[in-house]
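Novice: Going by full-length UniProt numbering, the letters in the sequence shown line up with residues 1 to 434, in that order.
All C-beta atoms in this analysis are idealised placements derived from N, C-alpha and C, irrespective of residue type, glycine included.
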Amino acid sequence: MHIQHPLMSTRRSSPFNVAATKQILRHQEKNEETKSVLIRKPFTYHTPSPGSGFPHNTLSVVVPSPSQRQILELASANFIPAPSPIGLSETFYPTDAYEKRAVKGAYPTVRKVKRAEISFEVGTVGPLLTSKPDITAQLRQTLQRKLGKIRGPKVTFAPGDEHLLARFAANFEFVNEYKIRQGVTPVPEEFNAGCTCVGFCDPARCLCLSKEEETNDSMVPYKRAEDDARLLVLTPEFLKRKAMIYECSSRCGCDERCWNRVVQSGRTVRLEIFNTGNRGFGLRSPDRIRAGQFIDCYLGEAITKEVADIREDIATSQNGHSYLFSLDFLITEEDSKYVVDGHKFGGPTRFMNHSCNPNCRMFPVSRNHADDYLYDLAFFALKDVPPMTELTFDYNPAWEEVNKVDPNAVQCLCGESSCRGQLWPNQRKAKGMR
Numbered sequence: 001m002h003i004q005h006p007l008m009s010t011r012r013s014s015p016f017n018v019a020a021t022k023q024i025l026r027h028q029e030k031n032e033e034t035k036s037v038l039i040r041k042p043f044t045y046h047t048p049s050p051g052s053g054f055p056h057n058t059l060s061v062v063v064p065s066p067s068q069r070q071i072l073e074l075a076s077a078n079f080i081p082a083p084s085p086i087g088l089s090e091t092f093y094p095t096d097a098y099e100k101r102a103v104k105g106a107y108p109t110v111r112k113v114k115r116a117e118i119s120f121e122v123g124t125v126g127p128l129l130t131s132k133p134d135i136t137a138q139l140r141q142t143l144q145r146k147l148g149k150i151r152g153p154k155v156t157f158a159p160g161d162e163h164l165l166a167r168f169a170a171n172f173e174f175v176n177e178y179k180i181r182q183g184v185t186p187v188p189e190e191f192n193a194g195c196t197c198v199g200f201c202d203p204a205r206c207l208c209l210s211k212e213e214e215t216n217d218s219m220v221p222y223k224r225a226e227d228d229a230r231l232l233v234l235t236p237e238f239l240k241r242k243a244m245i246y247e248c249s250s251r252c253g254c255d256e257r258c259w260n261r262v263v264q265s266g267r268t269v270r271l272e273i274f275n276t277g278n279r280g281f282g283l284r285s286p287d288r289i290r291a292g293q294f295i296d297c298y299l300g301e302a303i304t305k306e307v308a309d310i311r312e313d314i315a316t317s318q319n320g321h322s323y324l325f326s327l328d329f330l331i332t333e334e335d336s337k338y339v340v341d342g343h344k345f346g347g348p349t350r351f352m353n354h355s356c357n358p359n360c361r362m363f364p365v366s367r368n369h370a371d372d373y374l375y376d377l378a379f380f381a382l383k384d385v386p387p388m389t390e391l392t393f394d395y396n397p398a399w400e401e402v403n404k405v406d407p408n409a410v411q412c413l414c415g416e417s418s419c420r421g422q423l424w425p426n427q428r429k430a431k432g433m434r
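Okay, structure coming up:
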């Protein structure tokens, strides 16, 4: 097979394009004296792996001869050698590239600025500081801001005591829920169970309520107050019990208006923090509190038992106070995992003092029935409390009567006629309670 085409060339680096080739052909047609000399260069075409019996064809390529003009242009052209990249050439292999980039980044180009064209204006001079700032006033404002973040009815401080409380609150934060610390893992809500009630729960069939061991009847914790049907209080029978209150949760069929959601609905009474004198700060309410009425929850940092032991040792070595409550109501002391610390973070109930004849009591309240290690610590009134009466509870309800007071014990200052004289029998507090 032979290929003859005047535009085909085997030279890949021809300096002429197609347009130039067409012009040359037109010139050749006019000049009939110049004839193309066809040169045939036969070569053999082979496949990489020809099979048996594969015919070997001979392929010829026709290369057109250059014209006289092309010959003259090629003869007069200058050869320009292209630079070859070698290892010693800084153009292709710069050795100072990183140094140049570093210098450019460390010392950017200086921007030229005409200083004479920039106006220099001095603003209005403020009042000169002629006296020291009132630190107490600033702390009082900080205290007001922190108290304003507490949910529910207003929490205030007694007039005249704000300067003492303001200095204390400078290193204290009021919180509305537990601050979960490292090592504390609440049980996910997916593991919680709920009742199948609709709207309001039926005490006879609500699955959230505990059962009596002997009769298997439901233990109903709340009832309507006698003088206010809108208010729910603990029943007199439940006030005498040592049992956990199981409230309905988000997994229940009832809604937020259910009567079994007292603690999670929040505080309903106003509170006031005041200075008691020899017993530090205390807590009272300007409202009348009924027997069985919910007051507030004890809040703070939820920490592990190991961290609580370290904090207790530090407080004991420094003759300081600790505000620890072990969450071990449903388990033994050896199996307890978490402790609530209200030293640096807490709520208003952190200021409740001890009394050997208290008017309040702490009850464990659970909304996640699958979690035995993390629950609420709620305060309820044991009896009717008149307005502006200090709210107190027993720091050591598991007290065992002793014949004499331990000289190393923490002294009780409640002033009641039935005062035990000490809070706990030794310098280190009982791990089961505060």
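Enumerated in chain order, which unbroken segments of the alpha helix (DSSP H) with a length of 4 residues or greater are wholly contained in the UniProt domain "SET" (269-396)?
Specialist: 305-317
Novice: Should Arg151 go down as buried or exposed, given a rule of 16 or more other Cβ atoms within 10 Å for buried?
Specialist: On the sequence shown, residue 151 is found 151 positions in, with the first residue counted as 1. Answer is exposed; the Cβ neighbour count stays below 16.
Novice: Buried or exposed: which applies to Arg101, given that a residue is buried once 16 or more other Cβ atoms fall within 10 Å of its Cβ?
Specialist: Here the question's residue 101 lines up with position 101 in the sequence shown. Arg101 is exposed by the Cβ-count criterion.
Novice: For Val155, which three-state DSSP category applies?
Specialist: By one-based count along the sequence shown, residue 155 stands at place 155. Strand.
Novice: What does DSSP give as the partner residues of Arg224 in its beta bridges?
Specialist: Taking the first residue of the sequence shown as position 1, residue 224 is located at position 224. Note: Arg224 sits in a beta bridge opposite Leu232.
Novice: Please state if the CB of Phe393 and the CB of Met352 are separated by a distance shorter than 8 Å.
Specialist: Here the question's residue 352 lines up with position 352 in the sequence shown. Here the question's residue 393 lines up with position 393 in the sequence shown. Closer than 8 Å, so yes.
Novice: Using the C-alpha atoms, what's the distance from Thr276 back to Leu413?
Specialist: Here residue 413 is taken as the residue at index 413 of the sequence shown, counted from 1. Here residue 276 is taken as the residue at index 276 of the sequence shown, counted from 1. The alpha-carbon atoms of Leu413 and Thr276 are separated by roughly 11 Å.
Novice: Taking the alpha carbon of Phe238 as the point to measure from, which residue in Val63, Glu212, Glu334 and Gln182 has its own alpha carbon closest?
Specialist: Start at 1 with the first residue of the sequence shown, and residue 238 comes out as number 238. Among Val63, Glu212, Glu334 and Gln182, the Cα nearest to that of Phe238 belongs to Glu212.
Novice: What is the residue span of the alpha helix (DSSP H) that Gly105 lies within?
Specialist: The residue labelled residue 105 in the question sits at position 105 within the sequence shown. Note, Gly105: alpha helix (DSSP H), Ala97 to Ala106.
Novice: From which residue to which residue does the alpha helix (DSSP H) around Gln182 run?
Specialist: In the sequence shown, residue 182 corresponds to position 182, counting from 1. Gln182 -> no alpha helix (DSSP H), and no H or E assigned at all.
Novice: Cβ atoms of Ala193 and Met219: under 8 Å apart, would you say?
Specialist: Taking the first residue of the sequence shown as position 1, residue 219 is located at position 219. Taking the first residue of the sequence shown as position 1, residue 193 is located at position 193. No.
Novice: Does the distance from the CB of Cys338 to the CB of Tyr395 come in under 8 Å?
Specialist: Looking up residue 338 in the sequence shown gives position 338. Looking up residue 395 in the sequence shown gives position 395. Correcting the residue identity first, residue 338 is Tyr in this sequence and not Cys. No, they are not a contact pair.
Novice: Do Val385 and Ile289 count as a contact pair if the criterion is CB distance below 8 Å?
Specialist: What you label residue 289 is simply residue 289 of the sequence shown in a count that begins at 1. What you label residue 385 is simply residue 385 of the sequence shown in a count that begins at 1. Yes, the pair counts as a contact, with Cβ atoms nearer than the cut-off.
Novice: Nearest chain D C-beta to Arg350 closer than 8 Å, yes or no?
Specialist: The structure shown contains no chain D, having only a single protein chain.
Novice: Is DSSP giving Glu162 helix, strand or coil here?
Specialist: Here residue 162 refers to the residue found at position 162 when the sequence shown is read from its first residue. Glu162 falls in the helix class under three-state DSSP.
Novice: Have a look at Asn260, Ile314, Leu72 and Arg241 and flag the residue whose alpha-carbon is nearest the alpha-carbon of Met362.
Specialist: On the sequence shown, residue 362 is found 362 positions in, with the first residue counted as 1. Of the listed residues, the one whose Cα sits closest to Met362 is Arg241.
Novice: Is the number of C-beta pairs between the region 171-185 and the region 322-330 that are closer than 8 Å three or more?
Specialist: no
Novice: If you drop the 5 nearest sequence neighbours on each side, which residues of the same chain put their C-beta closer than 6 Å to that of His343?
Specialist: Taking the sequence shown and counting its residues from 1, the one referred to as residue 343 is at position 343. Closer than 6 Å at Cβ, skipping near neighbours: Tyr323.
Novice: I need the boundaries of the alpha helix (DSSP H) containing Ile135, first residue and last residue.
Specialist: Counting from 1 along the sequence shown, the entry for residue 135 is found at position 135. Where Ile135 is concerned, the enclosing alpha helix (DSSP H) stretches over Ile135 to Gly148.
Novice: Apply the 10 Å Cβ neighbour rule to Phe345 and answer buried if 16 or more other Cβ atoms are within range, or exposed otherwise.
Specialist: As a first step, residue 345 must be located in the sequence shown, where it is residue number 345. By the neighbour-count rule (16 or more Cβ atoms within 10 Å), Phe345 is buried.
Novice: Count Cβ pairs between the region 124-134 and the region 243-258 that sit closer than 8 Å; are there 3 or more?
Specialist: no
Novice: Where DSSP assigns a beta bridge to Cys254, which residues make up the other side?
Specialist: Locating residue 254 in the sequence shown gives position 254, where the first residue counts as 1. Cys254 pairs with Gly199.
Novice: Would DSSP call Glu237 helix, strand or coil?
Specialist: In the sequence shown, the residue the question calls residue 237 occupies position 237. Reduced to three states, the DSSP call for Glu237 is helix.
Novice: According to the neighbour-count rule (16 or more other Cβ atoms, all chains shown, within 10 Å of its Cβ), is Phe174 buried or exposed?
Specialist: Taking the first residue of the sequence shown as position 1, residue 174 is located at position 174. The Cβ neighbour count for Phe174, taken over all protein chains shown within 10 Å, is at least 16; the residue is labelled buried.
Novice: Between which two residues does the alpha helix (DSSP H) harbouring Leu74 extend?
Specialist: Along the sequence shown, one-based indexing puts residue 74 at 74. DSSP places Leu74 in the uninterrupted alpha helix (DSSP H) bounded by Gln68 to Ser76.
Novice: For Phe92, list the residues DSSP reports as bridge partners.
Specialist: By 1-based counting over the sequence shown, the position of residue 92 is 92. Per DSSP, none; premise fails for Phe92.
Novice: Pick helix, strand or coil for Ser265, following the three-state DSSP scheme.
Specialist: On the sequence shown, position 265 is the one that residue 265 refers to. If DSSP states are grouped into helix, strand and coil, Ser265 belongs with the helices.
Novice: Just tell me which of Cys419, Ile331, Leu423 and Ser285 has its CA closest to the CA of Pro153.
Specialist: Position 153 of the sequence shown, counted from the first residue, corresponds to residue 153. For the residues Cys419, Ile331, Leu423 and Ser285, the minimum Cα distance to Pro153 belongs to Ser285.
Novice: May I ask you to report which of helix, strand or coil DSSP gives Glu189?
Specialist: Here the question's residue 189 lines up with position 189 in the sequence shown. The answer is helix: DSSP assigns Glu189 an H, G or I state.
Novice: Which partner residues of Lys211 appear in the DSSP bridge assignment?
Specialist: One-based indexing of the sequence shown puts residue 211 at position 211. Its beta-bridge partners are Ser218.
Novice: Quick check: what's the CA-CA separation for Gln141 versus Gln264?
Specialist: Residue 141 sits at position 141 when you count from the first residue of the sequence shown. Residue 264 sits at position 264 when you count from the first residue of the sequence shown. Distance between the alpha carbons of Gln141 and Gln264 is about 30 Å.
Novice: Taking the CB atoms as reference points, tell me whether Cys419 and Cys360 lie closer together than 8 Å.
Specialist: Translated into the one-based positions of the sequence shown, residue 419 becomes position 419. Translated into the one-based positions of the sequence shown, residue 360 becomes position 360. No, the pair does not count as a contact, with Cβ atoms beyond the cut-off.
Novice: Relative to the C-alpha of Asp134, which candidate in His163, Gly148 and Ala116 has its C-alpha closest?
Specialist: On the sequence shown, residue 134 is found 134 positions in, with the first residue counted as 1. Ranking the options by Cα distance to Asp134, first place goes to His163.
Novice: Would Tyr222 pass as a contact of Leu234 if the rule is Cβ separation under 8 Å?
Specialist: The residue labelled residue 222 in the question sits at position 222 within the sequence shown. The residue labelled residue 234 in the question sits at position 234 within the sequence shown. Contact flag set, yes.
Novice: Please work out which residues of its chain come closer than 6 Å, Cβ to Cβ, to Pro236, disregarding the five sequence neighbours upstream and downstream, and give them in chain order.
Specialist: Here residue 236 refers to the residue found at position 236 of the sequence shown. Within the same chain, Pro236 has no close Cβ partners at all.
Novice: Could you tell me which of Ile331, Phe294, Ser249 and Leu209 sits nearest to Met377, measuring between CA atoms?
Specialist: Here the question's residue 377 lines up with position 377 in the sequence shown. Here residue 377 turns out to be Leu, not Met, going by the sequence shown. The shortest C-alpha separation from Leu377 is found at Phe294.
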